[in-house]
Every structure is written in C-alpha cells, then in structure tokens.
Amino acid sequence: MAAVSPKRYKIVDLTVIPSAEPGRVGKKDAIVTYQDEAMRVRVITVPYEEIEDKPDDVVLAVITNAIKAQEGERVKWIGREITY
Numbered sequence: 141m142a143a144v145s146p147k148r149y150k151i152v153d154l155t156v157i158p159s160a161e162p163g164r165v166g167k168k169d170a171i172v173t174y175q176d177e178a179m180r181v182r183v184i185t186v187p188y189e190e191i192e193d194k195p196d197d198v199v200l201a202v203i204t205n206a207i208k209a210q211e212g213e214r215v216k217w218i219g220r221e222i223t224y
C-alpha cells in the first residue's frame with residue numbers, strides 16, 4: 141500500500157478579537173485563516189488563552205491540532221449523498 145503524503149496548510153492570518161460565544165463574554169478568541177494545497181481558504185477559532193504568551197512551538201501545535209480536527213470533520217462528509 142502506498143504511503144499517504146501529509147497534508148500541507150499555510151496560515152494566512154491570525155487575528156485576536158473579543159469572543160462572540162455566549163459563555164466566553166469578556167474573553168478573546170484567535171481567528172486563524174488558513175489555506176490548503178488546492179488554494180481553498182478556511183477559518184478556525186481558537187480560545188486565545190490557549191495560545192496567549194505561549195512559545196511559538198506551542199502556538200503552532202495548538203493551531204495544527206485545531207486545523208486537523210476541523211479538516212477531519214470536514215472530509216468525513218465529502219462524497220456522501222442524501223436522498224429524501
């Protein structure tokens with residue numbers, strides 16, 4: 141069986157904004173815009189306290205895990221058909 145090459149994503153932007161989530165009033169979120177190899181752009185939200193004042197390698201690990209989670213959820217629905 142052929143090895144599957146790792147997916148590559150490029151972080152396009154990281155912006156910190158006040159959270160819009162009802163349970164996070166007064167807290168901040170990091171909005172991370174990223175791009176896949178097909179040039180599609182997507183966005184994830186990370187609670188800012190998970191990356192605030194952390195070393196760059198920790199921030200990158202948190203963002204990487206958030207992207208992996210979102211992409212895993214997204215691709216499991218690709219190709220499914222609905223009949224009603």
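Take this note's numbering: the last position of the sequence shown gets the number 224, and nothing is skipped along the way. Glycine included, each C-beta is placed from N, C-alpha and C at the ideal position.
Three-state secondary structure (DSSP) of residue i
i, result
"D193", "coil"
"P162", "helix"
"R214", "helix"
"I184", "strand"
"T204", "helix"
"A209", "helix"
Buried/exposed call for residue i, threshold 16 Cβ in 10 Å
i, result
"V172", "buried"
"I157", "exposed"
8 Å contact criterion, which residue i and residue j should meet: CB distance rounded
i, j, result
"I151", "Y174", "5 Å"
"A201", "I184", "Incorrect: roughly 14 Å between the Cβ atoms, too far for contact."
"V181", "I203", "Not a contact, Cβ separation roughly 15 Å."
Test item: CB-CB of residue i and residue j under 9 Å
i, j, result
"V170", "I191", "Here residue 170 turns out to be Ala, not Val, going by the sequence shown. In contact: A170 and I191 (Cβ atoms closer than 9 Å)."
"E213", "Y149", "no"
"K216", "E177", "no"
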